[in-house]
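Enquirer: In my numbering, the protein residues as written are 352 to 573. We put the beta carbon where it would ideally sit given N, CA and C, even for glycine. Since the structure is predicted, the reported quantities are computational estimates derived from the model, not experimental observations. Below you'll find the structure I mean.
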């Protein structure tokens, strides 16, 4: 009896769902076609092998991207648009969520917003008394290893939008999420400032390369 041929990526997606596709198969669907002498699956394998992961592919600059045979400006533009669609979807999802009940969603959101920066960025999510998102804002921009954060300005903005709670985050461009002494000091300063005006401090999250640190999870909130 003749064995059935393996399903092509698009057929596999329709039959089983997108979550069952490998990284190579996802790239193949994105690329759609190969080039002369290089079928799309082989081209996709080359792309993944070159970058090492989907994350590195998604964060590649146009020069690195277009150096690969079979890839060009058109595919780069399409990839950036796809990436932005995913970010906006996550942004809209978080706006509709009760974020306290979905901590992983907040982490994913902060990662999508911050982990590609090559300098430190400090961001705040402002919540109402129903734990729903009022707004999110990147408030302070620093250098590769430091961002000067003013707790007073964070509180001022929280009062301005009538926030009942805040959730803060910043990135470590080095990729190492381990909090520094100054990170711990800043966290305590913000907690103290929140206490003075009866605003609840939810958590301080540090974002690295595909990783994170949560002060709340590590029970470092004093």
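Restricting to Cα atoms, I'd like to know which of 547, 459, 514 and 489 is closest to residue 472.
Expert: For the residues 547, 459, 514 and 489, the minimum Cα distance to residue 472 belongs to 489.
Enquirer: Measure the alpha-carbon distance for residue 466 versus residue 483 and round it to whole angstroms.
Expert: Straight-line Cα distance between these residues: approximately 24 Å.
Enquirer: Are the beta-carbon atoms belonging to residue 476 and residue 502 less than 7 Å from one another?
Expert: The answer is no: Cβ separation not under 7 Å.
Enquirer: Could you pull out every unbroken alpha helix (DSSP H) segment of at least 4 residues lying fully inside the segment 395-478, listed in chain order?
Expert: Runs found: 405-409, 413-417, 424-446 and 454-465.
Enquirer: Tell me which residue opens and which closes the beta strand (DSSP E) that residue 298 is part of.
Expert: Given a span of 352 to 573 for the chain in the structure shown, any question on residue 298 remains unanswerable.
Enquirer: Are residue 386 and residue 360 closer than 7 Å when you measure CB to CB?
Expert: Cβ atoms of residue 386 and residue 360: not closer than 7 Å.
Enquirer: Less than 7 Å between the C-beta atoms of residue 530 and residue 550, yes or no?
Expert: No, these two residues do not count as a Cβ contact at 7 Å.
Enquirer: When you compare only the Cα positions, how much space is there between residue 424 and residue 514?
Expert: Whole-angstrom Cα-Cα distance: 43 Å.
Enquirer: Checking 7 Å against the spacing of the C-beta atoms, do residue 554 and residue 528 come in under that value?
Expert: For residue 554 and residue 528, no; Cβs fall outside 7 Å.
Enquirer: With residue 557 as the anchor, note down where its alpha helix (DSSP H) starts and where it stops.
Expert: Unbroken run through residue 557 is the beta strand (DSSP E), 551-558; no alpha helix (DSSP H).
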